[in-house]
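Undergrad: These protein sequence lines are chains A and B, in that order.
When we follow the numbering used here, the leftmost residue of the first sequence carries the number 1, and every step to the right adds one.
When we follow the numbering used here, the leftmost residue of the second sequence carries the number 1, and every step to the right adds one.
For every residue, glycine included, the Cβ atom is placed at its ideal position computed from N, Cα and C.
Given the structure is predicted, the values throughout are model-derived calculations rather than measurements.
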Amino acid sequence: MNTTQQANEVYSENGIVYPSKVMLDLSNLKKVYPTPKGDYVVLEDLNLQILKEEFVTIIGHSGCGKTTMLSMIAGLNPISGGNISVLGNPVKGPGPDRGVIFQSPSLMPWMTALQNVLLGVNQVFPHATKGQRQDIAKYYLHKVGLENAFHKKAAELSQGMQQRVGIARAFAIKPKVLLLDEPFGMLDSLTRGELQDILIEIWNKEKITAVMITHDVDEAIFLADRVIMMTSGPKAKIGDILSIDFERPRTRKSVLENDDYYTYRKHLIDFLEH
Amino acid sequence: MEQEMVLKNENSLTSSLKQMLLKLTPSIKKDGIIKSLKNTGITLLSILLFIGLWQMGSKALYNKEANYRVEIALQEQGEAAAVAERACIESGDSTCQPNTLPSPSQVWASLQSLIADHKVIRADKAAFVEKMAVTNEKMISQGQDPIVYTGRASFVDIVLTSIKTVFAGFLLAMFIAVPIGIVIGLSPSLRSAFNWFIQIFKPVSPVVWYLLVFMIVKTLYIGDSSDNAFVISFISVGLCAMWATLVNTAMGVSSVDKDYINVAKVLKLGTFQKVFKVILPSSLPLIFTGLRITLSVAWMVLIAIELLAQSQGLGLFVWEEFQNGANDSNSKIIVAMFVIGIIGFLLDRLMLAVQNMVSFNKNEMA
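#1: Looking at C-beta atoms only, is the number of pairs between the segment 344 to 351 of chain B and the segment 314 to 329 of chain B that lie closer than 8 Å three or more?
#2: Relative to the alpha-carbon of Phe170 (chain B), which residue among B:Ser233, B:Glu79 and B:Ile200 has its alpha-carbon at the smallest distance?
#3: Please classify Lys66 (chain A): is it buried, with 16 or more other beta-carbons within 10 angstroms of its beta-carbon, or exposed?
#4: At a Cβ threshold of 9 Å, is Ser85 (chain A) touching chain B?
#5: Which ranges does the beta strand (DSSP E) cover as unbroken runs of at least 3 residues, wholly within the segment 66 to 94 of chain B, from first to last along the chain?
#6: Note down, one range per segment and in chain order, each alpha helix (DSSP H) of at least 4 residues found wholly within the segment 186 to 241 of chain A.
#7: Relative to the C-alpha of Phe150 (chain A), which residue among A:Gly160, A:Gln159, A:Ser158 and A:Val165 is closest?
#8: Determine the closest residue to Arg192 (chain A) out of A:Ala210, A:Phe171, A:Ala220 and A:Gln49, with distance taken between C-alpha atoms.
#9: What residues of chain A sit near Phe230 (chain B), judged by a beta carbon separation below 7 Å?
#10: When the distance is taken between beta carbons, is Leu70 (chain A) closer than 9 Å to Arg169 (chain A)?
#11: Just checking: is the beta-carbon of Asn266 (chain B) within a distance shorter than 9 Å of some beta-carbon in chain A?
#12: By DSSP, does Thr4 (chain A) sit in helix, in strand, or in coil?
#13: Nearest chain B C-beta to Leu76 (chain A) closer than 9 Å, yes or no?
#14: Does DSSP put Tyr40 (chain A) in a helix, in a strand, or in coil?
#15: What do you reckon, are the CB atoms on Asp117 (chain B) and Phe167 (chain B) nearer than 9 Å?
#16: Anyone know if the C-beta pair for Gly82 (chain A) and Ser27 (chain A) falls short of 9 Å?
#17: When we look at the beta-carbon of Ser94 (chain B) and count the other beta-carbons within 10 Å, is it buried (16 or more) or exposed?
#18: With distances taken Cα to Cα, identify the nearest neighbour of Val164 (chain B) among B:Leu190, B:Gly238, B:Ser105 and B:Arg292.
#19: Measure the C-alpha to C-alpha separation of Asp227 (chain B) and Gly270 (chain B) and round it to an integer number of angstroms.
#20: Based on DSSP bridge pairs, tell me the residues matched to Ile101 (chain A).
#21: Helix or strand or just coil, what does DSSP make of Leu7 (chain B)?
#22: Assess, as a yes-or-no matter, whether the segment 288 to 304 of chain B is touched by the segment 244 to 254 of chain B under the definition of 3 or more beta carbon pairs within less than 8 Å.
#23: Give the single residue among B:Val266, B:Leu280 and B:Leu160 whose Cα lies nearest to the Cα of Phe230 (chain B).
#24: Identify every residue that forms a DSSP beta bridge with Pro90 (chain A).
#25: Taking Cβ positions, are Leu276 (chain A) and Val117 (chain A) nearer each other than 9 Å?
#26: Which first and last residues belong to the beta strand (DSSP E) in which Ile58 (chain A) is found?
#27: Hey, is Trp203 (chain A)'s beta-carbon within less than 9 Å of any beta-carbon in chain B?
#28: Can you find a CB in chain B that lies within less than 9 Å of the CB of Ile208 (chain A)?
#29: Thinking C-alpha only, which one of A:Tyr261, A:Glu273, A:Asp135 and A:Val22 is nearest Ser243 (chain A)?
#30: With a CB to CB cut of under 7 Å and the five nearest residues on each side skipped, what residues in its chain are close to Val121 (chain A)?
#31: By the 7 Å beta-carbon criterion, what residues does the segment 252 to 281 of chain B contribute toward chain A?
#32: From what residue to what residue does the alpha helix (DSSP H) around Leu291 (chain B) run?
#33: Is the distance from the Cβ of Met229 (chain A) to the Cβ of Leu268 (chain A) below 9 Å?
#34: With DSSP as the reference, label Thr150 (chain B) as helix, strand or coil.
#35: Give me the chain B residues within the contact set of Leu119 (chain A), using Cβ-Cβ distance strictly less than 7 Å, ordered along the chain.
#36: When you compare the CB of Phe360 (chain B) with every CB in chain A, is at least one pair closer than 9 Å?
In structure tokens form, the structure reads like this:
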């Protein structure tokens, strides 16, 4: 029904690669942690291709290596074997082309919301004028509904508000790929719902390739074009991939009313319960 | 879904709790006042109790020494001498008073006499300056040094000298310990290079630091007749007290939250930006905890060091009064003890206020 799905069919059925459409390519990825009792293999033979403008969610049991994989994509964790490339360029370390939204908001608590967003913006747009950079930062803070909290210290904001700043900070640096490591895991479910809506609203506009780890099956379906299911570790790999064929833009109501929703949900839960 | 329901319930529960609290607020306020009144009352009561115990203790010690003196007079010089001694002690004559722990009222009297003494000296000094004004002007115009007042220092001057010394020492400690702490905090190899140094010199006693500084400063001042007691004492104080700041700064800088470092990495901040925008601000609370400890250690070692260095501060004052052995010496020592304690307490409060100001996480401080 959409390009994503066609592309999926191409990948899964024929194994033909269309480099122009691939944003993020993980091939034969391996991660080993040396321990006194010998090597512990977290990930092995992990292959995954994520397309431009695609939103994928990754679901799997705790400790299966989801976060390890994400931090390897971010360049924060060295690769033991295989390759990760963004638009064909191998990842060698962290960089602002891969924005990260961490599980804890990770704002500098001594800075204001605006300063936190500017920290990244100043770095990525060094040639812009001060006014332009302020405008960018303020635009994204506005987008996440914090237009009245520009000058509040991050420490004074609630968890949910802090994570909104985290979202603004990540989008404001205009990354090629957005990596989200269970960004709403620490929030209560009402706030989580609000932030999902904010996230998807900005994403609909910016269409930045997004990879998001989640524990929440409903969240995984609501946000994603594809849900990647990872097997349990050690030696975790991709277990199954589920394409979510809902129209975009989606609303929570339309998703819940769709008959396919429960089929998807059952599919994911069946996978997780094995 | 179920989770959501539970949460909603919880939310309504907290909101109803809040409303209940709001209704209760006036009585809580009233409770608060009663509580603080109660606390003040308890404090006052304990002060009274303390003074009472002190009074009783000093009375007992006084009687013990008085009885002993009468006993000795009886044994060595006979009945008449004993009666005379008893009469002498009871008359309050200063020649035969027992020399023991002074009573609270004696200490209070000494405080007042020290203040009166200060006023006399200040007036004396003002008169001297006025008298010398014309002469000094002439001397300055002729390129000579003016004549300065060299009379005895008053108690207030002594306290001010001590405070000056402690602040000079504190600043020295800060300027040495904070930069070194930052550098060794940033580099693990420098940290291990410095570690033995810190571990060995941290526990060294103030007296030994004084002797070390004395050796060095004495030679540096060779041929210079000016008074170097102040220099020696503030350097010794600084060296004694800087370790807490050094260790805390290094720890604060080396243990910055990994999340912040990851953010800095993802944003590819340069070294300068990383240090000044991320690492230093996040270690400020620990640095200030270190500085607070440094200031209180500085004040504590100051007394011993001033005594050794013969610097005109509280340390020397206490020692001289002890050697002096005059009738009110003991009570003057106790006055100095209270002054030292109160100033130490105020310095600590001052640092706590600064520390709270720079700390970004208000909840952690409390």
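TA: In terms of the structure at hand:
#1: These segments do not touch.
#2: That would be B:Ser233, whose Cα lies nearest to the Cα of Phe170 (chain B).
#3: Burial of Lys66 (chain A) is indicated by the presence of at least 16 other C-beta atoms within 10 angstroms of its C-beta.
#4: It does not: the Cβ of Ser85 (chain A) has no partner Cβ on chain B nearer than 9 Å.
#5: Residue ranges of uninterrupted beta strand (DSSP E) with 3 or more members are absent from the segment 66 to 94 of chain B; none lies entirely inside it.
#6: The qualifying runs are 189 to 206 and 217 to 223.
#7: From the listed residues A:Gly160, A:Gln159, A:Ser158 and A:Val165, the smallest Cα separation to Phe150 (chain A) is found for A:Val165.
#8: For Arg192 (chain A), the nearest C-alpha among the options comes from A:Ala220.
#9: Here the premise fails: no neighbours, minimum Cβ distance about 38 Å.
#10: Going by beta carbons, Arg169 (chain A) and Leu70 (chain A) fall outside the 9 Å limit.
#11: Reading off the sequence, residue 266 (chain B) comes out as Val, not Asn. At least one chain A Cβ lies under 9 Å of Val266 (chain B).
#12: Any reading at Thr4 (chain A) needs caution, since the residue's pLDDT is 41, under 50, leaving its predicted position unreliable; the model's value is listed next. Looking at Thr4 (chain A) - three-state DSSP - the assignment turns out to be helix.
#13: Closer than 9 Å to some Cβ of chain B, the Cβ of Leu76 (chain A) qualifies, so yes.
#14: The answer is strand: DSSP assigns Tyr40 (chain A) an E or B state.
#15: Between Asp117 (chain B) and Phe167 (chain B), the gap from beta carbon to beta carbon reaches 9 Å or more.
#16: Against a cut-off of 9 Å, the Cβ pair of Ser27 (chain A) and Gly82 (chain A) comes out as a contact.
#17: Answer is exposed; the Cβ neighbour count stays below 16.
#18: It should be pointed out that residue 164 (chain B) corresponds to Lys in this sequence rather than to Val. Checking every option, the nearest Cα to that of Lys164 (chain B) belongs to B:Gly238.
#19: Each residue's alpha carbon lies about 49 Å from the other.
#20: Its beta-bridge partners are A:Leu180.
#21: Residue confidence for Leu7 (chain B) is low, a pLDDT of 47 falling below 50, so the modelled location carries little weight and cannot support an answer.
#22: Contact between the segment 244 to 254 of chain B and the segment 288 to 304 of chain B is present, because at least three Cβ pairs lie under 8 Å.
#23: The residue with the shortest Cα to Cα distance from Phe230 (chain B) is B:Leu160.
#24: Bridge partners of Pro90 (chain A): A:Ser85.
#25: Nothing in the structure corresponds to residue 276 (chain A), since chain A is present only between 1 and 274.
#26: Looking at the DSSP string, the run of the beta strand (DSSP E) that includes Ile58 (chain A) is Phe55 to Ile59.
#27: No, its Cβ sits nowhere closer than 9 Å to a Cβ of chain B.
#28: For Ile208 (chain A), no CB of chain B lies under 9 Å from its own CB, so it is not counted at the interface with that chain.
#29: Considering only A:Tyr261, A:Glu273, A:Asp135 and A:Val22, the residue with the shortest C-alpha distance to Ser243 (chain A) is A:Tyr261.
#30: Hits under 7 Å: Arg133, Ile136, Ala137, Ala172 and Ile173.
#31: If the cut-off is 7 Å between Cβ atoms, the segment 252 to 281 of chain B has Asp259, Tyr260, Asn262, Val263, Lys265, Val266, Leu267, Lys268, Leu269, Lys277, Val278 and Pro281 near chain A.
#32: Counted as a single uninterrupted DSSP element, the alpha helix (DSSP H) harbouring Leu291 (chain B) occupies residues Leu280 to Ala309.
#33: Yes, Cβ-Cβ distance for Met229 (chain A) and Leu268 (chain A) is below 9 Å.
#34: Shown here, Thr150 (chain B) sits in coil according to DSSP, grouped into three states, outside any helix or strand.
#35: Correct list: Leu267 and Lys277.
#36: Cβ-Cβ to chain A under 9 Å: yes for Phe360 (chain B).
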